[in-house]
Amino acid sequence: MLGLLTNDVTRLVAAGEGPAGPPRALYAHALNVQGRCLYDLIVYRLHESQEEEPHILLECDSSVLDAIQKHLKLYKIRRKVSISPCLDLSLWAVVPGEQAGDISRYADRALVLTPDPRAEVMGWRLIIKAGANLPEIIPGSRIENVQDYHRHRYKQGIPEGVKDLPPGVALPLESNLAYMNGVSFTKGCYIGQELTARTHHMGVIRKRLVPVQFSVPLPQESIPEGAEILTESGKAAGKFRAGGDELGIALLRLANVNEPLCLNVAGDKVKLTASIPEWWPKTASK
């Protein structure tokens, strides 16, 4: 797996990662040979025992589960590795609320309970056995609709899955992979590394995924994939990726982020505004 992902997964089992030990989760992309994203993944370490072989769990877009298994098995090549779906597990996002606090004290009640490795604003990731009672694991928690989770993501400009990161299209650094702690520039070779490393060392990224808000809720069925976003003067500013209701995420030229923008929807122009997320590094928009 080391040569397949943008991040250094050996950190999950490395000693000396600080007072808390190695991280329980890392974010990463699997790239194609052209350096474009195939899959975005969160990689978890499951077992603490020193006597056991490390068990790694991959979180992925469920629509590409079979494709990712085939991708991993293609590079297995005589290694003593077993790859299988974990259909008996349930994944939850614990999104920060008004009374959010440190929930790490409940970690022993779950298979995995760890801060979301992408950004602090995304809260925690929780993995439990399917059918387990969530409020018993995290007292005071409230189960919301999955759409509420996606609204939170889009407000923060956090991409996830193949709609936000079209396979073979999305570039990792334009998708804010470095901002989300998802790439190691010191780990050595991996598939697609050359373009990613060159772009990073050149230091010039003119387009990035940013959150957008529309003036009216959008009927998703009428928005073609990669619909063009325009400035008031009709100049191309970027492309819409995905969203719901009045929120979404788009790949925009940073030079146009603060301008009035619009999207053509079924022949009508719908106004939208873009913003730079507060969790980005302070020098990010330069």
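Using this note's numbering, you'd call the opening residue of the sequence shown number 22 and step up by one each time.
Glycine included, C-beta positions come from ideal geometry on N, C-alpha and C.
Check, Outcome
"As assigned by DSSP and simplified to three states, the class of Lys176", "helix"
"Distance, His76 Cα to Leu340 Cα", "No statement about residue 340 is possible, as the shown extent of the chain runs from 22 to 307 and does not include it."
"Burial state of Ile104, where buried means 16 or more other Cβ atoms lie within 10 Å", "exposed"
"Beta carbon of Ala128 nearer than 8 Å to that of Leu134", "yes"
"Whole-number beta carbon distance between Thr294 and Val233, since they are thought to touch under 8 Å", "7 Å"
"Within the region 94-165, ranges of the alpha helix (DSSP H) (whole runs, at least 4 residues)", "155-158"
"Boundaries (first-last residue) of the alpha helix (DSSP H) holding Gly182", "182-185"
"Expected contact under 8 Å - CB spacing of Glu116 and Tyr48 to nearest Å", "Going by the sequence as given, residue 116 is Val instead of Glu. Not really, about 17 Å apart at Cβ, beyond 8 Å."
"Sequence-distant residues of the same chain with beta carbon closer than 6 Å to Gln120, five excluded per side", "Interpretation of Gln120 is limited by its pLDDT of 48, a score under 50 that renders its predicted location unreliable; no figure is taken from the coordinates."
"C-beta atoms of Ala191 and Cys81 nearer than 8 Å", "no"
"Assigned secondary structure, Leu13 (DSSP; H/G/I helix, E/B strand, else coil)", "One cannot answer for residue 13 here, as it falls past the ends of the chain, which runs 22 to 307."
"Same chain, Cβ closer than 6 Å to Lys290, neighbours up to 5 away in sequence not counted", "Cys283"
"Residues sharing a beta bridge with Val34, DSSP", "Per DSSP, none; premise fails for Val34."
"Check whether Ala248 and Arg274 have beta carbons under 8 Å apart", "no"
"Endpoints, the alpha helix (DSSP H) within which Ile214 is located", "Looking at the sequence itself, residue 214 is Gln, so the reference to Ile does not match. Element bounds for Gln214: 214-223."
"As assigned by DSSP and simplified to three states, the class of Tyr170", "helix"
"Rounded separation between Lys208 and Gln177 - CA only", "28 Å"
"Those residues which DSSP pairs with Pro245 across a bridge", "According to DSSP, which records beta bridges pairwise, Pro245 is partnered with nothing at all."
"Assigned exposure category for Arg174 - 16 Cβ within 10 Å defines buried", "buried"
"Classification of Leu86 by the beta-carbon crowding that lies within 10 angstroms, buried from 16 upward", "exposed"
"Residues sharing a beta bridge with Arg234, DSSP", "Here residue 234 turns out to be Gln, not Arg, going by the sequence shown. According to DSSP, which records beta bridges pairwise, Gln234 is partnered with Leu268, Thr294."
"Cβ-Cβ separation, Glu195 to Arg219 (assumed contact under 8 Å), whole Å", "Rounded, the Cβ-Cβ distance is 14 Å, inconsistent with contact."
"Limits of the beta strand (DSSP E) - the one that Tyr48 falls within", "46-52"
"Buried or exposed (CB count within 10 angstroms, at least 16 for buried), Val183", "buried"
"Distance CB(Leu132)-CB(Ile159) smaller than 8 Å", "no"
"Residues near Trp113 by beta carbon distance below 6 Å, same chain, minus five either side", "Leu147"
"Limits of the unbroken beta strand (DSSP E) element including Cys81", "Segment: none, Cys81 is in no beta strand (DSSP E) and carries neither H nor E."
"Distance, Gly189 Cα to Asn154 Cα", "39 Å"
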